[in-house]
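In my numbering, the protein residues as written are 181 to 336.
In this text, a Cβ means the ideal position worked out from N, Cα and C, and glycines have one as well.
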Ligand SMILES: Cc1cc2nc3c(=O)[nH]c(=O)nc-3n(C[C@H](O)[C@H](O)[C@H](O)COP(=O)(O)O)c2cc1C
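Pasting the structure below:
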């Protein structure tokens, strides 16, 4: 199957560090992977990247990280057809905020509206990302990898 990308959105670096862990987990599952910052992605991102793990922190009042907004708005403007793209979302947040993990939920909804298929239930992380949380996220990523492997060959 294809390679995968962990597409992260961060303000203070937690999602970026976690993205590196998720890359390792994908590679452990036999899938070549790399982490890409949403800040560096454009509306054509999904043309080359068909298997994607979104790893995004919520900021502001339930918003995407400011650095991810150009990417989001470019997709909103271009409305690419994401049919054939498969993805999973790992959201970071803190339930002390009213809009818990909303950025992850926004990305789930948005990518699905553009035609991509979310192949595993969203994984939501509450608060500090310690070793246990990292292990749980890696476990979720291994399950995501299995879902990707099942569905992608059926498409080709
Ligand atoms: C200014 C600020 C606003 C935040 N707003 C929210 C929010 O609305 N909902 C939420 O679930 N978490 C919120 N968080 C928590 C972050 O999502 C959480 O700390 C996350 O791990 C940060 O990831 P990052 O280091 O990758 O930016 C907020 C954190 C900060 C500092």
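Buried or exposed: where does residue i fall if 16 or more other Cβ atoms within 10 Å of its Cβ makes it buried?
i: residue 307; result: exposed
i: residue 246; result: exposed
i: residue 210; result: exposed
i: residue 336; result: Caution applies to residue 336, whose pLDDT of 45 falls short of 50 and renders its modelled position unreliable; the model cannot decide the point.
My understanding is that residue i touches residue j, with C-beta atoms under 8 Å, so please give their C-beta distance in whole angstroms.
i: residue 233; j: residue 267; result: 7 Å
i: residue 265; j: residue 296; result: 4 Å
i: residue 199; j: residue 191; result: Rounded, the Cβ-Cβ distance is 14 Å, inconsistent with contact.
Return helix, strand or coil for residue i, following the three-state DSSP convention.
i: residue 233; result: strand
i: residue 280; result: coil
i: residue 189; result: strand
i: residue 213; result: strand
i: residue 296; result: coil
i: residue 203; result: helix
Given the structure, does residue i come close to ligand 1, in the sense that its CB is under 7 Å from one of the ligand's heavy atoms?
i: residue 263; result: no
i: residue 195; result: yes
i: residue 321; result: no
i: residue 252; result: no
i: residue 245; result: yes
i: residue 314; result: no
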